[in-house]
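One structure is given here, and the rest of the page talks about it.
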Amino acid sequence: MADPRPFHWEYTPQPVQHEAFRITGGTALRGTVMVSGAKNAALKLLAAAVLTGERCRFTNVPEIEDVRVMAETLRDLGVVVDHPEPNTYEVAAGDVDWLFVPLEAAAKMRASFMLLGPLLTRFGEVIISNPGGDRIGRRPVDLHVDAMRALGAEIDYRYGYYYAKAPGRLRGAEVRFPFVSVMGTENAMLAATLAEGHTTIRPAAREPEVDDLIAFLCKMGAEVERTAPDTIEVEGRKRLRGSDHSVVPDRIEAGTFAIAAAMTGGLVTLERARCDHLDALVEVLGRMGIAVDCGTDRLTVDATTVGPGAYTPVDIETAPYPGLATDLQPPTSVLLTQANGRSTVHETIFEDRLEWMTELRRMGAEIDTPDGHHAIIQGPARLVGADVEISDLRAGASLILAALAASGTSTIHGGHHVRRGYENIERRFLDLGARFEHVLEGDSGTPA
Ligand code: UD1
2 MADPRPFHWE
12 YTPQPVQHEA
22 FRITGGTALR
32 GTVMVSGAKN
42 AALKLLAAAV
52 LTGERCRFTN
62 VPEIEDVRVM
72 AETLRDLGVV
82 VDHPEPNTYE
92 VAAGDVDWLF
102 VPLEAAAKMR
112 ASFMLLGPLL
122 TRFGEVIISN
132 PGGDRIGRRP
142 VDLHVDAMRA
152 LGAEIDYRYG
162 YYYAKAPGRL
172 RGAEVRFPFV
182 SVMGTENAML
192 AATLAEGHTT
202 IRPAAREPEV
212 DDLIAFLCKM
222 GAEVERTAPD
232 TIEVEGRKRL
242 RGSDHSVVPD
252 RIEAGTFAIA
262 AAMTGGLVTL
272 ERARCDHLDA
282 LVEVLGRMGI
292 AVDCGTDRLT
302 VDATTVGPGA
312 YTPVDIETAP
322 YPGLATDLQP
332 PTSVLLTQAN
342 GRSTVHETIF
352 EDRLEWMTEL
362 RRMGAEIDTP
372 DGHHAIIQGP
382 ARLVGADVEI
392 SDLRAGASLI
402 LAALAASGTS
412 TIHGGHHVRR
422 GYENIERRFL
432 DLGARFEHVL
442 EGDSGTPA
């Protein structure tokens, strides 16, 4: 049978980037870090900009690989994406001549699927590749597809691509999810902004990044409101206008640096940290006996009195916001190796988000993972430098945290995973006094 795909994009594998971090641990981190804009908000804001032909301007955008991939994906569609200065992006989607999101984009970043809702609702059709993303278990997109169908779209799945069509405008509807999905909520919400009539989304994700997106959509002239904690209502509009927006600070990045301070017995202040978005983590740190001072737009972690090795063990469980973020589970798990006793971790959101702990064990952590959702961590562990491999973004950040506290030098391979979500991580750890080196490696894993 002939290949029915209308376009013949070849999937060109990108050259594998061999990047590593070489870290010599044992220095207590001290100083101030400026928290970047949130990856998980910026990617959706860039996608939302295609809802209008007018120019949108975003500031406080993190300079990370995922943002660059989204910008490239938009440019491939014919969207003008300017990057006039660091951390600022301008998007003008006046002419979109290519309603096709290829495997190449999707394989690099799951959030490329965020283009489904906005392209479909504005242009009435899109062909979009099934996304990949982090290696943290099966990550289907059935909820996104069901939401589009509820709004009146016709969607077929063939050869790894979703062929989506909206005969006329999408129609407002009741979108019911079986459980909370962050991007599912966001895709449904973006699609509903230009649909005809009223949409109710329930249960809607409550993550701060979703509310940041709502704030931007309202500036564009959309009628979107969180009418109850788990309910978002949208009244569709015929067109939206361009607008400006500053990306909300990244609570996951802030949490990572907060834990770095605790891991090393340091004293670190996070400027622009939104403490109100970090309640669950601050509560865990408090139970462990780590001093956290929350201010307006700043957070200080002081681990100079009770230090690593002497923290109180705790049991943690991930949950949708306002619970403890699954993206903070790996860093928090590393911190639990420094508790004096037995802690447990229950990962409720993703399957296989504990696999990276094999690498942590190689650094001396005592961890038992009876199944893909539970870990038992026996502390305090005397971590030692090792050669370890990063499997995904948050696991990478967590191995860095372990290396910062370990005796000796670690080489952490697979640094490109970390660049997906953390802006200039080596510079920022160096500024806090860490012994941190970014190295490029040859194929054999040796420095090149
Ligand atoms: C987003 C975040 C990610 C975070 C996650 C949970 C972005 C770019 N990524 O991912 O960093 O870890 O929220 O806070 O914002 N699911 C389905 N079918 C679907 C969609 C999801 O079964 O169609 C399942 C997932 O496999 C998972 C659960 O739902 O078990 C929650 O995932 P979801 O909230 O959708 O995560 P993402 O939006 O992909």
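The opening residue of the sequence shown carries number 2 in the working numbering; numbering runs sequentially from there. Cβ coordinates follow ideal geometry from the N, Cα and C atoms, glycine included.
| Query | Result |
| --- | --- |
| Given this structure, state the Cα-to-Cα distance separating residue 52 from residue 170, to the nearest angstrom. | 13 angstroms |
| Using a Cβ-Cβ cutoff of less than 7 angstroms, which residues in the same chain neighbour residue 134 once the five nearest sequence positions on both sides are dropped? | Residue confidence is low: residue 134 scores 44 on pLDDT, short of 50, so the model does not pin down where it sits. Its coordinate-derived value is still stated next. Within the same chain, residue 134 has close Cβ partners 110, 111, 140. |
| Using 7 angstroms as the cut-off, classify the Cβ of residue 141 as near or not near the heavy atoms of the ligand UD1, replying yes or no. | yes |
| Quick check: the region 191-211 against the region 308-326, are there 3 or more CB pairs under 8 angstroms? | yes |
| For the region 364-375 against the region 31-48, do three or more pairs of beta-carbon atoms, one drawn from each stretch, fall closer than 8 angstroms, so that the two count as touching? | no |
| With a cut-off of 8 angstroms on the beta carbons, I'd call residue 19 and residue 441 a contact; round off their distance for me. | 7 angstroms |
| Shortest alpha-carbon distance to residue 75 belongs to which of 93, 287, 59? | 93 |
| Sort 212, 105, 245, 178 by Cα distance to residue 131 and report the nearest one. | 105 |
| Using C-beta distances below 7 angstroms, list every residue in its chain close to residue 36, excluding the 5 sequence neighbours before and after it, in chain order. | 250, 251, 254, 255, 271, 272, 273, 274 |
| For a quick check, are the C-beta atoms of residue 161 and residue 197 less than 8 angstroms apart? | no |
| Taking contact to mean at least 3 C-beta pairs separated by less than 8 angstroms, is the region 421-440 in contact with the region 256-267? | yes |
| Examine the ligand UD1 and report whether any of its heavy atoms sits within less than 7 angstroms of the Cβ of residue 359. | no |
| Flag residue 183 as yes when its Cβ comes closer than 7 angstroms to any non-hydrogen atom of the ligand UD1, and as no otherwise. | yes |
| Taking the alpha-carbon positions, what's the residue 129 to residue 113 distance? | 9 angstroms |
| What is the DSSP secondary structure of residue 179, counted as helix, strand or coil? | coil |
| Let me confirm a value: residue 326 is counted as buried when at least 16 other C-beta atoms fall within 10 Å, else exposed. Which label applies? | buried |
| For the candidate residues 267, 347, 189, 297, whose alpha-carbon lies nearest to that of residue 303? | 267 |
| Express the C-alpha separation of residue 156 and residue 258 in angstroms, rounding to a whole number. | 42 angstroms |
| Where do the ends of the alpha helix (DSSP H) carrying residue 288 lie? | 280-289 |
| Please return the same chain residues whose Cβ sits closer than 8 angstroms to the Cβ of residue 408, not counting the five positions on each side in sequence. | 26, 27, 383, 384, 385, 386 |
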